[in-house]
Every structure is written in C-alpha cells, then in structure tokens.
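In the UniProt record's numbering, the protein residues as written are 1 to 391. Backbone N, C-alpha and C define an ideal beta-carbon position, used for all residues, glycine too. Quick caveat, the model's predicted, so the values are computed rather than measured. Quick notes on the structure that follows.
Dropping the structure here:
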C-alpha cells in the first residue's frame, strides 16, 4: 500500500504525484496521500515539467506549479460572480417556494394539468401559472403532453417516496430558519437555545414531520455504510438517539441474527415504525439502561458541544460489554479548504453543536477513554470510527 487515504477518485501516480478527487473537488497528492495545496478544482491535469493545467469551479483555466501557485491564467471565469452572489442571497426563494408547494399537496397531485391543479390546490389560475414556472426553474417539475409532471429530482417531494423530503421545506423554512436569525448574536457569544429536541418531542405533528425528514436522510446516507459495520451474529446492538429507527432497521436487515435496539425520547420511540427493532426510551445525558456489544452513535455527537460530547461518551463507555465496540458515524470536516462550513454553521445556530474533523473526534474519544482502532470510509457522506475502551 502506498498510502492509507481514501478519495472519491484517484489517478495513477506520475512523477511522484497523482490526481485525486474529494467531496470538494480535484487536486494533486503526494505518495503519502497528502494534498500539495489547499485549493480544489473542477478538473486538474497531471504535472508536466512542474506545471499543471487546472479548471476552477467558476470555469477559469489556470496553470499552477507543484505548490499550487498560479503561474498563468489561460481563461477568465465563465461564471458571473455578481449574479452568483445575488442568487446566494435569495436562497430563501427556493425554500419558500418548495415549502408552499409541499403544504398545498401539489406534488402528490402530479401528473395534472393547470385546471386540475387549480382546483386541487385552491390557487388562482393566473397565479398558479407563475408558481409552476418557478417550480420548473427549480427543476422539480416539467411539462409533458400538456400536463405538469415531476422530474427525477422532484420525485423526492412525493409523500409516498421511500426517501421523501416533502417535510423538509417545512422544517427548513420554519423553526430552523427562525433559529438562524439569532446567528449574529450567537457569533458574538450569546448562548444557543438547545431546546430543539425537547420542542420537537412535545409536538406530535412536528415529531412526524421532523423524523420523516431525518429518516430519508438516514436511508440515503447510511445504506452504503451498514454493510461495512463489524456486527456479528448474536451481538446486542444499540442505536443511541436513533430517532424512529431507520438505521436500526437497516442494521437488522443486514444482520438478522443481531439483537437491535433503538433508543430515543419516549415520544419518538413509542411510534415503533420498524418490525424486528426493539425500542427503548432513554436520555442521552443520564446513565443508559442497557449493556451491549456494539453501540452506534450516528450523527449524534455533532449535535452537541465538546463538554456534552464528553458526558455522552462517558455513558456510552459504561454501556459497553467487555470486548464491545463503539461505532461513531459522522461527516468529517476536511483538513484543508472550507467544505462543511455551512453545515457547521447550521449546527451552531440550531443545536449548539458542530461538525468536526477526524482528528477532533479522535481527541474527544481519546479523552473519554477510547482507542480509535479503525476509520472506515465507504464512499458515503459519513465515515465510521471503530472505537474500543482503553485497557
């Protein structure tokens, strides 16, 4: 093995360097798997005579050296940065348009013509036409044979899709957006209201909508990772703060001889959506009422600050049987670049948590008495840290 790093795509080594693609884009790496520079590109060519031709995300062409320094600009950006920035500033247009469509039930009515949609949604015909044009611009609907139909992307907004996101616009355009409005004060040191999970659990409709959204994300992001988990026949597995149990159900399906428990707040676990999964009410910050062989923390730690994470890990360690393992599923911030920055800011504003680098998680786990024995990257947004209590 030349190095132990993982990439979405990796070219052969040429004169000591290789082209590699991460979630942020293309770049060059050394034989140690180390990036030569922090920038990421839409495309890069191999180095010849110490030079590489690269294309930036905005369409510019440059020649760079092995330090990533620009030697020459071959083409100016093809993207209008003024227009791009303007689009960034009106991102709420998209959220609110999708929220309105979801609330009206429009997506479940398709395919349909204008007259049918006006009747089913109660929208005025002339304004409905304008609304449909906006949804078409967003790429979620199109016209076929005088009827409006969902595009492939738009299918996710049907309420009966296995990975439905129909509830997501309501969440992002509602309470989550209001929490973002406190960001200026939070950045200046104001406390974050860490009441979101309690608030959701006390609202029956919100429980359904919020966890429907989380279930779709879990199904999309965890399915590629589950086969890589080292779960054995007879293992007792605990999916801590596992919501309505989507990950638990994937684990049970893949490892049918394991005994799988999903723990969360009483209001969440009482739904018991999946057969074969045991549901256990519990509190993350109180001693856990279970002792297991494998413990899953899937995108749980990122919702909390470092001090709270330390307490969660203390309870996790106490809940492991001798020889047991903790499996932490999280997205890692890259060592270089700005990837994940907006997700991190969202957590700061909404939960008081944060996205972290692999090294940051490793430090937290080490301080809590765990050894990280392996990092598993399965080509998904999330990676897995396999951890064992220190001897």
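A residue is called buried once 16 or more other Cβ atoms fall within 10 Å of its Cβ, and residue 93, having fewer, is exposed.
In summary, residue 48 is exposed, with fewer than 16 beta-carbon neighbours lying within 10 Å of its beta-carbon over all protein chains present. Between the alpha carbons of residue 340 and residue 116 lies a gap of roughly 42 Å.
In the three-state reduction of the DSSP assignment, residue 242 falls in the coil class, being assigned neither a helical nor a strand state. For the pair residue 377 and residue 118, the Cα-to-Cα distance works out to about 48 Å. Secondary structure note for residue 73: its beta strand (DSSP E) is the uninterrupted segment 70-75. Runs of alpha helix (DSSP H) with 4 or more residues, each lying fully within the segment 107-132, are found at 114-121, listed in chain order. Residue range 204-222 is occupied by the alpha helix (DSSP H) that includes residue 221, with no beta strand (DSSP E) assigned at that position. Remark: fewer than three beta-carbon pairs, one from each stretch, lie closer than 8 Å, so the segment 41-56 and the segment 358-374 are not flagged as touching.
It is roughly 15 Å from the alpha-carbon of residue 61 to the alpha-carbon of residue 80. Burial is judged here by how many other beta carbons sit within 10 angstroms of a residue's own beta carbon; residue 164 has at least 16 and is buried. The Cβ atoms of residue 17 and residue 68 lie no closer than 9 Å to each other.
Here residue 78 carries a coil assignment [DSSP, helix/strand/coil]. Pairing residue 293 with residue 321 gives a Cβ-Cβ distance under 9 Å. Here the C-alpha atom of residue 2 lies approximately 7 Å from the C-alpha atom of residue 32. Pairing residue 101 with residue 142, the inter-Cα distance amounts to about 15 Å. Around the beta carbon of residue 85, fewer than 16 other beta carbons lie within 10 angstroms, which makes this residue exposed. Rounded to whole angstroms, the gap between the alpha carbons of residue 233 and residue 312 is 27 Å. As DSSP reads the structure, residue 43 sits in a beta bridge with 55.
In its chain, beyond the 5 residues on either side, 353 have a beta carbon closer than 6 Å to the beta carbon of residue 304. Per the coordinates, the alpha-carbon of residue 171 lies some 44 Å from the alpha-carbon of residue 63.
Excluding its 5 nearest sequence neighbours in each direction, residue 169 has C-beta neighbours in its own chain below 7 Å: 95, 98, 99, 102, listed in chain order. By the neighbour-count criterion, in which 16 or more other beta carbons inside 10 Å mark a residue as buried, residue 123 falls on the buried side. Assignment of residue 367 by DSSP, reduced to helix, strand and coil, places it in the helix class. The beta-bridge partner set that DSSP reports for residue 357 consists of 333. When DSSP states are grouped into helix, strand and coil, residue 252 belongs to the helix group.
Here the C-alpha atom of residue 156 lies approximately 8 Å from the C-alpha atom of residue 162. Here the C-alpha atom of residue 24 lies approximately 16 Å from the C-alpha atom of residue 356.
CA-CA distance, residue 239 to residue 147, rounds to 45 Å.
For residue 91, the enclosing alpha helix (DSSP H) stretches over residues 91-104.
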